[in-house]
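A short worksheet on the structure shown next.
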Amino acid sequence: MLDINTVIDDYRIRRVLGTGGFGITYLAEDETLGIPVAIKEFMPGHLATHDGTTIRPIAEEKKPAFDKELDNFIVEARHVARIQHPNIVRVRRCFKRNGSAYMVMDFEEGQSFEEHLRRRDGPPSEEELKEFLVPFLDGLKIVHDQGLVHRDIKPSNIYLRRADGSPVLLDFGAARRQTAAHFTAILTKGYAPIEQYDAKARQGPWTDIYGVAAVLYRAITGDKPLPAVSRLAKESLVPAVKRAAGGYSEAFLRGIDWGLALAPEDRPRDVDAWRAVLLAKSPAAPSPVHAVAVPTAHRFAEAPAVETVPAKHTLDETAWRAAKKADTLGAYLDYLRQHPDGLYRGMADRAVEAIRRRRDEEEKTDPEAAAAAELKPPAQAEPPGSVEVFGRVIAVKRPSVADEESDGMASAWGEGPAWQEIAILGFLALVITILTSIVFRTLIGTNIWTLVACFGTTFAASLGYCLLGREQPVRTALVLSAGTAVAALVLFLVLVLLTA
Numbered sequence: 014m015l016d017i018n019t020v021i022d023d024y025r026i027r028r029v030l031g032t033g034g035f036g037i038t039y040l041a042e043d044e045t046l047g048i049p050v051a052i053k054e055f056m057p058g059h060l061a062t063h064d065g066t067t068i069r070p071i072a073e074e075k076k077p078a079f080d081k082e083l084d085n086f087i088v089e090a091r092h093v094a095r096i097q098h099p100n101i102v103r104v105r106r107c108f109k110r111n112g113s114a115y116m117v118m119d120f121e122e123g124q125s126f127e128e129h130l131r132r133r134d135g136p137p138s139e140e141e142l143k144e145f146l147v148p149f150l151d152g153l154k155i156v157h158d159q160g161l162v163h164r165d166i167k168p169s170n171i172y173l174r175r176a177d178g179s180p181v182l183l184d185f186g187a188a189r190r191q192t193a194a195h196f197t198a199i200l201t202k203g204y205a206p207i208e209q210y211d212a213k214a215r216q217g218p219w220t221d222i223y224g225v226a227a228v229l230y231r232a233i234t235g236d237k238p239l240p241a242v243s244r245l246a247k248e249s250l251v252p253a254v255k256r257a258a259g260g261y262s263e264a265f266l267r268g269i270d271w272g273l274a275l276a277p278e279d280r281p282r283d284v285d286a287w288r289a290v291l292l293a294k295s296p297a298a299p300s301p302v303h304a305v306a307v308p309t310a311h312r313f314a315e316a317p318a319v320e321t322v323p324a325k326h327t328l329d330e331t332a333w334r335a336a337k338k339a340d341t342l343g344a345y346l347d348y349l350r351q352h353p354d355g356l357y358r359g360m361a362d363r364a365v366e367a368i369r370r371r372r373d374e375e376e377k378t379d380p381e382a383a384a385a386a387e388l389k390p391p392a393q394a395e396p397p398g399s400v401e402v403f404g405r406v407i408a409v410k411r412p413s414v415a416d417e418e419s420d421g422m423a424s425a426w427g428e429g430p431a432w433q434e435i436a437i438l439g440f441l442a443l444v445i446t447i448l449t450s451i452v453f454r455t456l457i458g459t460n461i462w463t464l465v466a467c468f469g470t471t472f473a474a475s476l477g478y479c480l481l482g483r484e485q486p487v488r489t490a491l492v493l494s495a496g497t498a499v500a501a502l503v504l505f506l507v508l509v510l511l512t513a
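Take any residue in the sequence shown, count from 1 to its spot, add 13: that is its number in the numbering used here.
Below is the structure:
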């Protein structure tokens with residue numbers, strides 16, 4: 014790292030503020046203006062090292078990756094510099110020096126949220142956390158609206174200003190465009206979601222939402238969440254609704270758990286969707302034991318009006334759980350038809366797309382096996398925009414599926430044709446039975462063989478029809494033939510009585 018009093022382009026280094034995976038942050042003095050600033054030096058430890066004041070790749074083969082990340086650092090600094098929000102750190106300048114790049118930011122005096130939590134005698138109350146979240150989420154939404162994702166939200170990267178206690182999101186060294194095809198897999202365990210462990214995984218607002226939810230979990234329980242990879246390995250995380258029950262409203266705790274969902278598709282898609290649940294107005298929750306006032310003594314005068322969760326939210330969640338339990342194409346389409354603006358629409362869209370994609374792929378390789386398979390999202394085929402992490406495919410893309418009305422052809426057994434179609438086929442089969450009964454009775458003359466011929470003819474006709482596009486043709490044809498065989502037996506008895 015740089016020595017104290019080193020001067021870089023009119024900025025004199027005073028001390029180190031912090032280090033991270035992407036670089037080192039210094040407190041410096043602008044010698045022209047005489048004001049303190051924070052300077053982020055690009056120095057990814059896995060790619061480069063200091064050689065005096067110069068930064069060099071640790072090996073020649075690392076140089077292409079270092080150069081690429083350096084360019085990304087500068088590009089993202091330019092994007093962040095366009096963001097002007099009181100709760101997002103202001104980027105003043107970015108320049109290249111010493112084989113690296115430096116991001117100059119406003120220096121915020123105060124303490125990190127991590128320090129604040131450590132100094133408290135108990136967890137903050139729900140009211141205090143909501144006062145913190147209102148402006149913080151406003152700022153984060155602006156970041157996302159600019160097409161950026163922070164990717165390193167944790168208590169030490171959130172500052173509380175000394176003057177008024179308002180929160181500021183710091184350190185955009187890991188920030189990237191949401192449309193990036195490749196993300197450097199640098200993260201903080203416990204605060205990083207599963208998609209950040211894969212450089213090719215799609216990342217977006219849901220990635221930062223996980224980080225904020227992890228910060229809240231740390232605030233109310235005193236412990237940071239388990240690392241995402243540990244949760245993927247079946248090591249369960251005790252949900253906030255259990256860990257902090259009684260100290261906070263259930264709606265608030267469930268909002269935290271929603272943000273901490275392991276799979277990206279199970280999390281809120283954006284800040285607005287999450288905020289509507291997390292900050293919904295609810296009866297006053299009891300304060301946690303030992304809770305004390307915020308040391309900064311700051312209380313937001315009046316939080317902006319927050320959209321409340323509509324009464325239909327409970328029905329929406331119930332419908333989604335039912336659709337997910339059924340896990341069929343018809344169930345997901347019914348959910349989309351009945352809840353076009355539901356909170357789980359994105360997940361239903363992806364489930365429909367996954368089921369259709371799987372069916373298309375299986376029909377190309379083995380039509381009969383595809384028809385017999387359960388209609389479930391693919392476990393092996395990886396849809397575009399998904400990420401495979403330790404053998405598990407996690408879809409993170411949010412494709413759009415056009416509104417579709419349920420076609421009424423839901424399966425009677427889960428996969429076969431609908432009841433009304435069976436009735437039509439049964440009627441046709443009965444007609445075939447009558448005709449073949451008359452013909453074969455005339456040609457063969459043996460009652461038993463007449464029945465066999467009726468059954469065989471009906472089965473052949475049913476199978477032929479089913480093979481034209483129905484699912485499980487053999488099974489369906491057998492069911493239809495059994496029914497018509499009973500009808501043939503009844504007809505045979507009638508004929509015997511009439512000719513007796």
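Each residue gets a CB set at the ideal place from its N, CA and C atoms; glycine is no exception.
Asked: Could you name the residues that DSSP lists as bridge partners for E73?; Found: E73 pairs with nothing; no bridge assigned.
Asked: May I ask you to verify whether the segment 218-234 touches the segment 68-82, counting CB pairs closer than 8 Å and requiring at least 3?; Found: no
Asked: Which residue marks the beginning of the alpha helix (DSSP H) containing Q351, and which one marks its end?; Found: 342-351
Asked: By the 10 Å Cβ neighbour count, where 16 or more other Cβ atoms means buried, how is E248 classified, buried or exposed?; Found: exposed
Asked: Check the DSSP bridge columns for P49 and list the partner residues they point to.; Found: E42
Asked: Starting from the Cα of F185, find the closest Cα among L292, G34, W333 and give me that residue.; Found: G34
Asked: Per DSSP, what kind of secondary structure is I199 in: helix, strand or coil?; Found: coil
Asked: If you draw a straight line from the alpha carbon of K514 to that of E375, how long is it in whole angstroms?; Found: A query on residue 514 cannot be resolved here, the shown segment of the chain reaching from 14 to 513 and no further.
Asked: Given this structure, state the Cα-to-Cα distance separating F145 from D134, to the nearest angstrom.; Found: 18 Å
Asked: Please classify K338 as buried or exposed, where buried requires at least 16 neighbouring CB atoms within 10 angstroms.; Found: exposed
Asked: Would you report the Cα separation of P301 and S138, rounded to the nearest angstrom?; Found: The pLDDT assigned to P301 is 39, lower than 50, so where the model puts this residue is not dependable, and the model offers no usable value.
Asked: Under 7 Å, do V117 and V50 count as touching if we go by C-beta distance?; Found: yes
Asked: Look at the alpha carbon of D43 and the alpha carbon of I26, and state the distance between them as a whole number of angstroms.; Found: 9 Å
Asked: Nearest to G36 by alpha carbon, out of V290, P353, A187, L250?; Found: A187
Asked: For R91 and V242, what's the separation of their Cα atoms in angstroms?; Found: 33 Å
Asked: The alpha helix (DSSP H) that contains K143, what's its start and end?; Found: 139-158
Asked: To the nearest angstrom, report how far apart D362 and N170 are at their CA atoms.; Found: 35 Å
Asked: In whole angstroms, what is the alpha-carbon distance linking V228 and R190?; Found: 23 Å
Asked: Where do the ends of the alpha helix (DSSP H) carrying V228 lie?; Found: 218-234
Asked: Taking only the alpha-carbon atoms, compute the straight-line gap between E24 and G178 and give it to the nearest angstrom.; Found: The sequence as given places Tyr at residue 24; Glu does not occur at that position. Looking at the two C-alpha atoms, the distance is approximately 28 Å.
Asked: Can you tell me the Cα-Cα spacing of R267 and L245, whole angstroms?; Found: 20 Å
Asked: Could you check if Q351 is buried or exposed, using at least 16 other CB atoms within 10 Å of its CB as the buried criterion?; Found: exposed
Asked: For the alpha helix (DSSP H) containing A264, list its first residue and its last residue.; Found: 263-272
Asked: In whole angstroms, what separates the C-alpha of F265 from that of W271?; Found: 10 Å
Asked: Who pairs with P180 in a beta bridge, going by DSSP?; Found: L173
Asked: By how many angstroms is the C-alpha of K75 removed from the C-alpha of D22?; Found: 27 Å
Asked: Would the beta-carbon of L275 fall within 7 Å of that of I207?; Found: yes
Asked: Tell me the rounded alpha-carbon separation between A495 and G469.; Found: 10 Å
Asked: Could you give the first and the last residue of the continuous alpha helix (DSSP H) run that contains F126?; Found: 126-132
Asked: If you reduce the DSSP assignment to three classes, tell me which class T331 lands in.; Found: helix
Asked: From L342 to P277, what distance separates their C-alpha atoms?; Found: 21 Å
Asked: May I have the straight-line CA-CA distance separating R110 from E122, to the nearest angstrom?; Found: 27 Å
Asked: According to DSSP, is M360 helix, strand or coil?; Found: helix
Asked: Report buried or exposed for T201, applying the criterion of at least 16 other Cβ atoms within 10 angstroms of its Cβ.; Found: buried
Asked: In chain order, what residues of the same chain have a beta carbon less than 6 Å from the beta carbon of T32, not counting five sequence neighbours either side?; Found: none
Asked: Determine the extent of the alpha helix (DSSP H) in which K247 is found, giving its start and end residues.; Found: That residue, K247, is in no alpha helix (DSSP H); it is neither H nor E in DSSP.
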